[in-house]
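As C-alpha cells, the structure follows; a few thoughts come after it.
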Amino acid sequence: MRDLVEAIRPLLKAVMSDLDVGEEDWSGLLAGSTVSDFADVAMPCHSLARVLRQSPAAIAEDVLAGLGSSTAGICTVSSVNGFLNFTADNEWLSMRMEEASADERLRVAVEDSRIIVIDYSSPNVAKHMHVGHLRSTVIGDALNRMLTYKGHTVVPENHVGDWGTPFGMLIEHLIDIGIETPPDEIDLGSFYSDARSKFDSDAAFANRSRKRVVRMQASEPETIAHWQMLVNRSLLHFNDVYQMMGVLLTDDDLAGESKYEAALPDVVDMLAAAGLLEESEGAKVVYPEGWINREGEPLPLIIQKADGGYNYATSDLACIIDRIQNVGSRDFLYVVGAEQAQHFAMVFEVARSAGFMDESVNAIHVPFGLVLGTDGKKLASRTGGAVQLKDLLVEAVERADSLIAEKNPELPADERAEVAHMLGIGSVKYADISTDRANNYTFDWEKMLSFEGNTAPYLQYAHARICSIFSKAELERDSFRNSSISLDDEREATLARAIIAFPQALDLACATHSPHKLATQLHAIAQAFASFYESCPVIASEGLTRESRLALCDLTARTLETGLSLLGISVPQRM
Ligand code: ARG
C-alpha cells in the first residue's frame with residue numbers, strides 16, 4: 004500500500020539512521036515491500052543482515068524497538084521471521100477515505116504534464132475493421148483517458164492505412180463498379196478481396212492498376228479524387244464503429260500513411276546522408292545493427308522498393324520526424340499487435356542511428372495478443388473469415404438487451420435500450436481490457452456478459468445497486484462528501500483498503516501501459532463492496548454509522564464510475 008509506505012518512510016528513516024544503516028541500504032526494501040495476507044506492508048530485513056552482521060530476525064526486532072510508539076495513529080508493527088509487518092490503523096484508513104470522499108479527483112494526483120502521442124486503432128482503408136482493431140482501439144482509448152486524467156496532453160493519432168501500391172488496384176476496381184456508386188452501396192466486406200482476385204487473375208486489370216499507382220504517386224487530380232472517395236467511404240464505416248464503441252477518436256485525429264507521403268523522399272535522403280542507405284537487389288535498404296535473419300545474414304529494413312515504391316517502415320520513419328518536429332512530443336506509444344514487434348524494433352533502431360530521435364525520445368511499442376474463439380483458434384466468423392467488428396458490437400447490444408429484458412422487465416423501453424448499449428459495449432470492451440494485453444484472450448459471450456466474475460456487468464451492477472440505495476431512500480449522494488467515515492466492521496476496513504489503493508493502481512496501469520491493472524483493482528473494490536453490503540446494513544443502521552456507511556457507498560460508486568470511465572466504460576444508474 005503506497006500511501007502507508009509514504010507514511011512509514013520518515014519514521015523508518017529516523018530508526019535506520021540511529022542504527023547507522025545508509026539510505027541506499029534500506030529505502031529499496033520499503034519500495035520493494037509487498038502486501039501480504041498479514042500486512043498492508045511487509046518489509047523483508049534479510050538484505051540488511053550483511054550490513055549489520057546480525058540475523059534478519061534480530062534486525063527486525065531492533066527496528067521494531069526503535070520505532071516504539073512513533074507509528075501510533077498510523078499502523079501497528081510486528082516482526083515475523085525477519086519481516087516487519089505494518090498494518091494500517093482504522094483511524095488512518097478513515098482519514099484517507101475522508102480525503103477521497105471530499106476530493107473531486109478521488110486522491111488521484113496530477114503528474115508533470117508531457118505531450119504523449121498515442122498511435123492506436125489504425126484500421127485500413129477499403130476494408131472492414133476486424134477484431135484486431137478492436138484491441139488497439141479499446142486499449143488505446145483507455146490509455147488516452149487514463150493519461151489525460153493524470154494531467155498529460157494526449158495527442159491521439161489514427162495511423163490509418165490509406166496509401167501504398169494496393170490503391171492502384173482499389174481505384175481501378177472502384178472505376179469498374181462505377182465511381183458514381185453512392186458510398187453506402189460500396190461493400191467494404193468484399194471490396195478489397197474482389198480487387199485482389201481481379202488483380203491476380205486479370206493481366207489487363209493488373210496492368211491498369213500498376214499505371215494507376217504511378218498516377219497516384221504523381222498526385223494526378225482525377226486519381227486523387229477517386230482515392231478520396233475510397234477514404235471517405237471508409238471513414239463513414241470507421242466513424243460508425245467509433246461512435247458505437249464510444250471512443251474518443253475523431254476525424255481530427257487522422258494521421259494516416261498518406262499524411263507522410265510527401266516526406267518520404269526526404270527520409271531516403273536523410274538516411275543516405277547519415278551513411279546508412281545500401282542497395283540490395285535494386286531496393287534501397289538499411290541494415291539496422293544487431294538484426295539477422297534465420298540464415299544469420301543481416302536483416303534489411305526496406306526503405307524504397309526496386310520499383311520506386313515506398314514501404315510501411317518508411318512512413319513510420321517520416322511519422323517519427325513529424326511527431327518530434329511538428330507535434331512537439333517526445334513520448335510515443337504505438338498500440339499495435341504483437342506480430343508487429345519486429346517492425347517497430349527495427350524502425351526505432353534505424354530512427355536512432357540516423358539521428359531522427361535521441362535518448363530523450365521514448366518510442367514504445369505497446370503490443371497485445373490475439374482474440375481467440377472458444378475453440379482456442381484465432382476468432383473467426385461462421386464462414387471462417389475474419390470477424391467484422393461492427394457485427395460483434397451489434398450482437399453484443401442485442402444479447403445485453405435480452406438479458407436486461409429478462410432481469411428487469413419493468414424497465415421502460417427507451418431506458419432499456421440505453422442500458423443494453425452500456426452493458427453490451429461495456430462487456431466487449433471490459434473483456435478485452437481486463438486481461439493482461441500481452442496475452443491472448445478468449446472471446447466468450449457467456450463469460451463477458453455474466454453478472455458474476457471479473458466482468459463489466461458485475462461492476463456496472465455494483466454501481467447501479469449503490470445508486471438505488473440512495474434513490475430508494477430519497478437521499479442526495481453529494482450530501483455525504485464531508486461526513487466522517489468510521490470503519491468499525493472488518494468488511495468496511497477491507498472495502499476502504501481497496502478504495503485507498505485506487506490511485507496507486509491507476510498509476511501502475513499508466514506506467515506499464517496496462518489498463519488491466521486498473522480493472523483488477525475496480526473488481527476488488529466491487530467484490531469488497533458486495534461483502535460489505537451483505538453483512539453491514541446501510542439504510543437500516545442509525546446515526547453516525549448510517550451516515551458513515553452512506554458516505555462509504557457514495558465513495559465506492561464514484562470510484563467505480565471514475566475507474567470505469569477511464570477504461571471507456573459507461574455505468575447506468577439502474578439496470
Ligand atoms: N494499419 C496498420 C494495420 O492495420 C496498423 C498501423 C499501426 N501504426 C503505425 N504507426 N504503424 O496493421
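All you need for our numbering is the position in the sequence shown, starting with 1, plus 3.
Backbone N, C-alpha and C define an ideal beta-carbon position, used for all residues, glycine too.
No experiment lies behind these values; they were computed from the predicted model shown.
Bridge partners - residue i, DSSP secondary structure assignment
| i | result |
| --- | --- |
| residue 81 | 88 |
| residue 280 | 289 |
| residue 160 | 122 |
| residue 44 | 89 |
| residue 127 | 164 |
| residue 334 | 119, 365 |
| residue 374 | 444 |
| residue 313 | 307 |
| residue 416 | In DSSP, residue 416 forms no bridge with anything. |
| residue 133 | 391 |
| residue 295 | 301 |
| residue 257 | 161 |
Residue i beta carbon near ligand 3 (any heavy atom closer than 6 Å)
| i | result |
| --- | --- |
| residue 162 | Ligand 3 is not part of this structure, which contains only ligand 1. |
Three-state secondary structure (DSSP) of residue i
| i | result |
| --- | --- |
| residue 444 | strand |
| residue 301 | strand |
| residue 381 | strand |
| residue 37 | strand |
| residue 569 | helix |
| residue 251 | coil |
| residue 478 | coil |
| residue 541 | coil |
| residue 113 | coil |
| residue 23 | coil |
| residue 262 | helix |
| residue 557 | helix |
| residue 517 | coil |
| residue 145 | helix |
| residue 432 | helix |
| residue 54 | helix |
| residue 457 | coil |
| residue 490 | coil |
| residue 576 | coil |
| residue 485 | coil |
8 Å contact criterion, which residue i and residue j should meet: CB distance rounded
| i | j | result |
| --- | --- | --- |
| residue 321 | residue 280 | Not a contact, Cβ separation roughly 15 Å. |
| residue 337 | residue 369 | 6 Å |
| residue 400 | residue 423 | 6 Å |
| residue 433 | residue 572 | 6 Å |
| residue 428 | residue 248 | 6 Å |
| residue 153 | residue 513 | 6 Å |
| residue 430 | residue 452 | 5 Å |
| residue 176 | residue 201 | 7 Å |
| residue 54 | residue 24 | 6 Å |
| residue 89 | residue 47 | Actually they do not touch by this definition, with Cβ atoms about 12 Å apart. |
| residue 91 | residue 78 | 5 Å |
| residue 120 | residue 509 | Not quite, the Cβ-Cβ distance comes to about 21 Å (not below 8 Å), so this is no contact. |
| residue 516 | residue 137 | 17 Å between Cβ atoms; not a contact. |
| residue 4 | residue 503 | 7 Å |
| residue 426 | residue 403 | 4 Å |
Below-7 Å beta-carbon distance, residue i vs any chain B residue
| i | result |
| --- | --- |
| residue 572 | Checking the listed chains, one finds no chain B in this structure; it contains a single protein chain. |
Taking 8 Å as the threshold, find out whether the stretch 522-531 comes into contact with the stretch 552-568 through three or more Cβ pairs. For the pair of segments examined, the stretch 522-531 was found to touch the stretch 552-568: the number of CB pairs separated by less than 8 Å reaches three.
Contact between the stretch 473-489 and the stretch 96-110 (3+ Cβ pairs under 8 Å): Enough Cβ pairs lie closer than 8 Å, so yes.
Evaluate contact between the stretch 103-122 and the stretch 350-360, counting only Cβ atoms and requiring at least three cross-stretch pairs below 8 Å. No: the two stretches stay apart, fewer than three of their Cβ pairs being nearer than 8 Å.
Is the number of C-beta pairs between the stretch 233-244 and the stretch 319-339 that are closer than 8 Å three or more? Taking 8 Å as the limit for Cβ pairs, the verdict is that the stretch 319-339 does not touch the stretch 233-244.
Segment contact, 8 Å Cβ cut-off, at least three pairs: the stretch 11-26 with the stretch 60-80: A contact between stretches requires three or more CB pairs, one per stretch, nearer than 8 Å, and the stretch 11-26 meets this requirement with the stretch 60-80.
Inter-stretch contact at 8 Å, needing at least 3 Cβ pairs: the stretch 476-484 / the stretch 55-67: As far as the Cβ criterion goes, the stretch 476-484 does not touch the stretch 55-67, which means the pair count is below three.
Decide yes or no for the touch test of the stretch 401-409 against the stretch 461-471: beta carbon pairs closer than 8 Å, at least 3 of them. Taking 8 Å as the limit for Cβ pairs, the verdict is that the stretch 461-471 does not touch the stretch 401-409.
Between the stretch 445-457 and the stretch 371-380, are three or more C-beta pairs nearer than 8 Å? Yes, the stretch 445-457 touches the stretch 371-380.
Do the stretch 164-177 and the stretch 206-219 make contact, defined as three or more Cβ pairs closer than 8 Å? Short answer: they touch.
If you pair each beta-carbon of the stretch 282-295 with each one of the stretch 125-138, do three or more pairs fall below 8 Å? No contact exists between the stretch 282-295 and the stretch 125-138.
If we count Cβ pairs, one from each stretch, closer than 8 Å, do we get three or more for the stretch 344-354 versus the stretch 155-166? Pairwise C-beta distances place the stretch 344-354 out of contact with the stretch 155-166, as fewer than three of them are shorter than 8 Å.
Taking contact to mean 3 or more Cβ pairs, one atom from each stretch, closer than 8 Å, check whether the stretch 536-546 and the stretch 34-52 are in contact. Per the Cβ contact rule, the stretch 536-546 is not in contact with the stretch 34-52 (fewer than 3 Cβ pairs under 8 Å).
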